[in-house]
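These notes concern the structure reproduced below.
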Amino acid sequence: MTAQLHKHILVCPAHLWGHARPLAILAARMVKLRPVVVTFVAAYNVYERLQAEILSDFHPGEEEAISRIRVIRIDPGAELIDPAVLKANFWTLWTKLCNGEAVPYETANGKQGLVDLKSEPLSAVVIDGITVEIFEAVYEHRKRSPELSKLKIYSWLPASNDYFLAVYRDDKVPAAEALAQQEGISFNDAAHRLWTIPQGRVIRSASLPPVYDYEMEPQALPLPPDLCGRLFIKANRMLENTDGVVIMDAAEFHSEATSAFRKWLAETRRKLYCVGPLLSTGRTGPGYQAKGDAEGIMRFLDEELSARGARAVVYVSFGSVFWPMDNAKLLAALEVLMQQNIPFIMSRPSPLAVFSEESMNKLKAYPNGFISSWVPQRAVLEHPATGWCLMHGGHSTLMECIHTGVPMIVWPVSTDQPANAIYLSEYLDIAYELLEVRHGTGLGKIFRTGFTPTGTVEAVRNELRDVLSRAFSADGEAKRDRIKGLRAKMEEAWTENGIGRRQAEEFLDDASAGAPADMVTSS
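Its first residue numbered 616, the sequence shown is counted upward by one per residue in the numbering used here.
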């Protein structure tokens, strides 16, 4: 089969590792399921890890499939969350491709070539939900170019179904426009007020108990007005205009939310493709490479296993972006671990993870702690010494915890993390949620219990002491047993007839149906 016969799909995740990593695994699955070519637009800051992650899902003899994932690098700029520079450089790349220019790519196994839409026209694009401006630009390009009418535009959502259904179902743009006119303020300032200032409104969702709006932002994470106006408040319109949603969530992880989200999209004849969980099948990915402190971390785990036995270590991870708003509370939590002589490993890759010199010296002096800016997370979670994961509740990490059978202590920060924390602790009963760690406006009364956390440092200490006493007891072991049962259910998703695989195949068939778009002549 020649390359010209392959259907061609372009994917563009945001520059955030938690957004890009699962899409890399999906790209690997796509080229193995169907004879498609995937052009993967990757930000510089995640490029090398993405290439390794792609390789981790392949096995010997699959080199031809690897060669059909073509990775193009673009500069995302220096901002932690804002994708403005990524959007500008994506549009430069898009314009070149649509003008008939051939753009260099490299495959994960080191082969090089050129992406040329004259010989390999696109059938579909998949754009990250947080990069709303990229979606808008491609969508408007299709609207004004009749020849692009055959191009399908999908949204990639690297989070849980219930979060998007609860937060993005309603169009808040008209309310922001009205507020801006009424108050004589900018649209961005109006969007910021609507998005970040809680009103005590009750939010109801398919798979969650009712919550107050401030419970969905328990750390009261500050957001710039322009991000609220340019991105977050417009995400609903992206979901209204998309041809379909590809989400990393597993359909059966919370089936009620999956059904409700699917039903909402179906009202306008769009589909939801739940392709999760997306975890690599191999052991050659970045989590297993001798990189950074990996060797020292694994030696630390081996030593703790020898000294204390299995499941004694707590792994602390808040991901590559988010971090608790009050460092004093985090330090208090770590002090509790040290006072109880509990060994821990802490990953702190986020630029927000800044400790004072005094605090770092105190942490470094603890002989049973290991702190690193990079941790081979999958390897740590799979190690028999690891017993618990203290984490923010991000979807990628929670799925890895389920896959490795590690129960969780959840300290949610933002996005889908608060919803995940409730679902994991209240519905699945495989985690504990910390409540006293809430911050600012997040410290209001909890709807489901009526309890109002005080949020003091001492309250954090007391709560964590109580949680740890339960975690390292029969209650914690019961959670571990439940997570094993859930793991077996999740692992079925990508078996031959599993729902995750079937959803991915359905997406590929829908995306590839019909003739591709005549991209070059339409520009």
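No residue lacks a Cβ here, since even glycine has one placed at the ideal position from N, Cα and C. Computed from a predicted structure; not experimentally measured.
- Message: For I696 and L708, which I take to be in contact (beta-carbon distance under 8 Å), what is that distance rounded to the nearest angstrom?
- Response: For the purposes of this step, residue 696 is taken as residue 81 along the sequence shown, with counting starting at 1. For the purposes of this step, residue 708 is taken as residue 93 along the sequence shown, with counting starting at 1. Actually they are not in contact, since the Cβ atoms of I696 and L708 sit about 21 Å apart, beyond 8 Å.
- Item | Neighbourhood of A757 by C-beta distance below 6 Å, restricted to the same chain and skipping five residues each side | Stepping through the sequence shown from its first residue, residue 757 is reached at position 142. The question names Ala, yet the displayed sequence has Arg at residue 757. Hits under 6 Å: L763, L766.
- Which residues does DSSP pair with V767 in a beta bridge? Counting from one through the sequence shown, the residue named residue 767 turns up at place 152. Sequence inspection shows Lys at residue 767; the Val mentioned does not correspond to that position. Bridge partners of K767: A739.
- Task: Below 8 Å CB to CB, which residues in the same chain sit around P839 once its five sequence neighbours on both sides are set aside?
- Result: What you label residue 839 is simply residue 224 of the sequence shown in a count that begins at 1. Around P839: D697, H807.
- Between L946 and V653, what straight-line distance do the alpha-carbon atoms span, to the nearest angstrom? Along the sequence shown, one-based indexing puts residue 946 at 331. Along the sequence shown, one-based indexing puts residue 653 at 38. Distance between the alpha carbons of L946 and V653: 44 Å.
- Message: I need the boundaries of the alpha helix (DSSP H) containing A994, first residue and last residue.
- Response: Taking the sequence shown and counting its residues from 1, the one referred to as residue 994 is at position 379. That run of the alpha helix (DSSP H) goes 992-997.
- Task: Grab the span of the beta strand (DSSP E) containing P628 for me, first residue to last.
- Result: Here residue 628 refers to the residue found at position 13 of the sequence shown. That residue, P628, is in no beta strand (DSSP E); it is neither H nor E in DSSP.
- Task: With a cut-off of 8 Å on the beta carbons, I'd call N856 and Y754 a contact; round off their distance for me.
- Result: For this step, residue 856 is matched to residue 241 along the sequence shown. For this step, residue 754 is matched to residue 139 along the sequence shown. The pair is a contact, with the Cβ atoms about 6 Å apart (cut-off 8 Å).
- Query: Would you say T1064 and Y829 are within 7 Å of each other, going by their C-beta atoms?
  - Reply: In the sequence shown, residue 1064 corresponds to position 449, counting from 1. In the sequence shown, residue 829 corresponds to position 214, counting from 1. Their beta carbons are not under 7 Å apart, which means T1064 does not touch Y829 by this criterion.
- Item | Three or more C-beta pairs below 8 Å linking the region 974-986 and the region 1005-1017 | no
- Task: Helix, strand or coil for P840, going by three-state DSSP, please let me know.
- Result: Counted from its first residue, the sequence shown places residue 840 at position 225. In the three-state reduction of the DSSP assignment, P840 falls in the helix class, which pools H, G and I.
- Message: Going by the DSSP bridge assignment, what does F985 pair with across the sheet?
- Response: Position 370 of the sequence shown, counted from the first residue, corresponds to residue 985. Bridge partners of F985: I960.
- Item | Environment of N776 [buried if 16+ CB atoms lie within 10 Å] | Reading the sequence shown from its first residue, position 161 is the one you call residue 776. That one is buried.
- Message: Restricting to runs no shorter than 4 residues, where is the alpha helix (DSSP H) found entirely within the region 661-737?
- Response: 662-671, 678-681, 699-713
- Take D743 and list the residues in its own chain whose beta-carbon comes closer than 6 Å to its own, dropping the five residues that flank it on each side. Position 128 of the sequence shown, counted from the first residue, corresponds to residue 743. Around D743: P628, A629, H634, W771.
- Message: So if DSSP puts T1001 in a beta bridge, which residue, or which two residues, is it bridged to?
- Response: Translated into positions along the sequence shown, residue 1001 becomes position 386. Note: T1001 sits in a beta bridge opposite V928.
- Message: With a threshold of 8 Å, are at least 3 pairs of Cβ atoms found where one atom belongs to the region 782-802 and the other to the region 882-894?
- Response: Here the region 782-802 does not lie against the region 882-894, with fewer than 3 beta-carbon pairs under 8 Å apart.
- Message: I'd like to confirm the pairing. Which residues does DSSP put opposite T654 in its beta bridges?
- Response: Along the sequence shown, one-based indexing puts residue 654 at 39. Answer by DSSP bridge pairing, in chain order: L625, R685.
- Message: Do D864 and C889 count as a contact pair if the criterion is CB distance below 7 Å?
- Response: Here the question's residue 889 lines up with position 274 in the sequence shown. Here the question's residue 864 lines up with position 249 in the sequence shown. In contact: C889 and D864 (Cβ atoms closer than 7 Å).
- Cβ-Cβ separation, A875 to L823 (assumed contact under 8 Å), whole Å: Walking along the sequence shown from the start, residue 823 turns up at place 208. Walking along the sequence shown from the start, residue 875 turns up at place 260. L823 to A875, Cβ: 11 Å. No contact.
- Message: Quick check: the Cα distance between H621 and A866, rounded to an integer number of angstroms?
- Response: Counted from its first residue, the sequence shown places residue 621 at position 6. Counted from its first residue, the sequence shown places residue 866 at position 251. For H621 and A866, the distance between alpha carbons rounds to 29 Å.
- Message: On the DSSP letters alone, give me the boundaries of the alpha helix (DSSP H) that G561 sits inside.
- Response: Beyond the ends of the chain as shown, which are 616 and 1138, falls residue 561; an answer cannot be given.
- Query: Between the region 1115-1123 and the region 988-996, are three or more C-beta pairs nearer than 8 Å?
  - Reply: With contact defined as three or more Cβ pairs closer than 8 Å, the region 1115-1123 and the region 988-996 are not in contact.
- Residue from L842, P761, R816 whose Cα sits closest to the Cα of S801: Position 186 of the sequence shown, counted from the first residue, corresponds to residue 801. Of the candidates L842, P761, R816, the one whose C-alpha sits nearest the C-alpha of S801 is L842.
- Message: Pop quiz: W938 and L967 are said to be a contact at Cβ under 8 Å. What is the actual Cβ separation, rounded to whole angstroms?
- Response: Translated into positions along the sequence shown, residue 938 becomes position 323. Translated into positions along the sequence shown, residue 967 becomes position 352. Separation of the CB atoms of W938 and L967 is rounded to 4 Å, and the pair is thereby assigned contact status at 8 Å.
- Query: Among R1095, V1072, P1131, which one has its Cα closest to the Cα of G943?
  - Reply: Looking up residue 943 in the sequence shown gives position 328. It should be pointed out that residue 943 corresponds to Ala in this sequence rather than to Gly. Closest by alpha carbon: V1072.
- Pick from Q797, W879, R923, E798: whose alpha carbon is nearest that of N851? On the sequence shown, position 236 is the one that residue 851 refers to. Per the Cα distances, W879.
- Are there 16 or more other CB atoms within 10 angstroms of the CB of M616, so buried, or fewer, so exposed? To locate residue 616, count along the sequence shown from 1; it is residue 1. Here the model assigns M616 a pLDDT of 38, short of 50, so the residue's position is not dependable and the matter cannot be decided.
- Query: Cα separation between P1131 and D1031?
  - Reply: As a position in the sequence shown, residue 1131 is number 516, starting the count at 1. As a position in the sequence shown, residue 1031 is number 416, starting the count at 1. Distance between the alpha carbons of P1131 and D1031 is about 35 Å.
- Quick one: is R1079 buried, meaning 16 or more other Cβ sit within 10 Å of its Cβ, or exposed? Numbered from its first residue, the sequence shown carries residue 1079 at position 464. Correcting the residue type first, residue 1079 is Leu in the shown sequence and not Arg. Buried, by the Cβ-count rule.
- Task: Pick helix, strand or coil for E1048, following the three-state DSSP scheme.
- Result: Mapped onto the sequence shown, residue 1048 falls at position 433. DSSP places E1048 in strand when its eight states are reduced to three.
- Item | Whole runs of the alpha helix (DSSP H) within the region 1016-1098, excluding any shorter than 4 residues | 1032-1037, 1072-1086
- Query: Going by beta carbon distance, what residues of the same chain come within less than 8 Å of S932, once the five residues before and after it are set aside?
  - Reply: As a working note, residue 932 is residue 317 in the sequence shown. The answer, listed in chain order, is M961, S962, V990, Q992, C1004, L1005, M1006, H1007, T1012.
- Does DSSP put V747 in a helix, a strand or coil? On the sequence shown, position 132 is the one that residue 747 refers to. Looking at V747 - three-state DSSP - the assignment turns out to be helix.
- Message: With DSSP as the reference, identify every bridge partner of V951, one or two as the case may be.
- Response: Position 336 of the sequence shown, counted from the first residue, corresponds to residue 951. According to DSSP, which records beta bridges pairwise, V951 is partnered with nothing at all.
- Task: Note down, in chain order, each residue of its chain lying with its Cβ closer than 6 Å to the Cβ of P833, except the 5 sequence neighbours on either side.
- Result: Position 218 of the sequence shown holds residue 833. So the list reads P1027, P1033, R1053, G1057, once near-sequence residues are dropped.
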